[in-house]
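Q:
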Amino acid sequence: MLIYFLIFLQFILLLIGIGFVLYIGFIMISFKNTVPYVPTAKKVIQKMIAAAHIQEGDKAVDLGSGTGRIIFAVAKKYPIEVIGVEYSCLLYFASKIKSVLKRKKGKVKIIRADFNHYPLKNVNVVFCFLTLEGLSDIQNKLNLELMPGARIISYLFPLKKKDEFQEYKIPMPDGKKVKYIFVYTKLARNA
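So the sequence shown is numbered by full-length UniProt numbering: it starts at 1 and just counts up by one.
(1) Thinking just about the alpha-carbon of each residue, which of 173, 131, 86, 14 is nearest to the one in residue 154?
(2) Compute the Euclidean distance between the alpha carbons of residue 14 and residue 4, then round it to the nearest angstrom.
(3) What are the boundary residues of the beta strand (DSSP E) that residue 84 is part of?
(4) Hey, out of 181, 171, 77, 166, whose CA is closest to residue 189's CA?
(5) Grab me the residues of residue 75's own chain with a C-beta within less than 7 Å of its C-beta, minus the 5 sequence neighbours each way, in chain order.
(6) As a quick exercise: from 183, 86, 161, 171, pick the residue whose alpha carbon is nearest that of residue 151.
(7) Just to confirm, is the Cβ distance from residue 61 to residue 120 under 8 Å?
(8) Which same chain residues, not among the five before or five after residue 168, have their C-beta less than 7 Å away from its C-beta?
(9) Under DSSP, the beta strand (DSSP E) around residue 129 begins and ends at which residues?
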């Protein structure tokens with residue numbers, strides 16, 4: 001009986017090892033895109049959510065939501081509508097499965113789409129962990145579609161053009177380096 005248990009245990013460890021190799025391979029392959037998949041640390045997510053100053057009635061979206069870490073953390077803490085927009089089929093399905101397991105169907109929506117084409121007109125809070133190139137691609141969209149008072153919470157990378165936003169940075173010490181969460185509030189346009 002012990003031999004069967006050891007064989008079963010080895011099989012489980014082999015599956016875990018294969019899964020880990022596939023996961024790392026997926027991350028490495030995603031770096032070919034302008035928006036690679038890099039999971040956001042839980043500590044960073046909590047600071048991003050705190051920086052968003054979410055209020056009742058807000059609508060939040062995570063552009064490039066990956067496996068949904070940010071959207072599920074927001075939904076756990078606030079009774080607001082939270083939308084994850086993810087283009088990758090694999091990450092989209094992973095977050096859909098996570099949604100079913102966490103039973104967050106009502107508050108959380110996961111949409112498979114290119115976030116460059118997702119409408120932001122009624123969104124108050126935008127979370128993103130995009131590259132400089134990814135942020136540049138959506139800069140005009142953010143300028144045109146977000147209403148005054150809307151907040152953008154960006155981890156690591158700042159917007160290039162900040163003239164329509166008020167910016168402040170939250171330092172995140174990481175060993176010898178300091179990383180930042182960039183918080184932008186959309187300003188009212190002058191007539």
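By construction, the Cβ of each residue, glycine as well, lies at the ideal position given by its N, Cα and C atoms. On a predicted model such as this, the values are computed, not experimentally measured, just so you know.
A: Reading from the atomic positions:
(1) Reading the sequence shown from its first residue, position 154 is the one you call residue 154. The shortest C-alpha separation from residue 154 is found at 131.
(2) Locating residue 14 in the sequence shown gives position 14, where the first residue counts as 1. Locating residue 4 in the sequence shown gives position 4, where the first residue counts as 1. If I take the Cα positions, the gap works out to 15 Å.
(3) Position 84 of the sequence shown, counting from 1, holds the residue named residue 84. Note, residue 84: beta strand (DSSP E), 81-86.
(4) Here residue 189 is taken as the residue at index 189 of the sequence shown, counted from 1. When each option's Cα is compared against that of residue 189, the closest is 166.
(5) Position 75 of the sequence shown, counting from 1, holds the residue named residue 75. For residue 75, where only same-chain residues beyond five positions count, the Cβ hits under 7 Å are 82, 104, 107, 108.
(6) Position 151 of the sequence shown holds residue 151. Cα-wise, what sits closest to residue 151 is 183.
(7) As a working note, residue 61 is residue 61 in the sequence shown. As a working note, residue 120 is residue 120 in the sequence shown. Yes, they are a contact pair.
(8) The residue given as residue 168 occupies position 168 in the sequence shown. Cβ within range, chain order: 183.
(9) Stepping through the sequence shown from its first residue, residue 129 is reached at position 129. Where residue 129 is concerned, there is no enclosing beta strand (DSSP E), given that its DSSP letter is neither H nor E.
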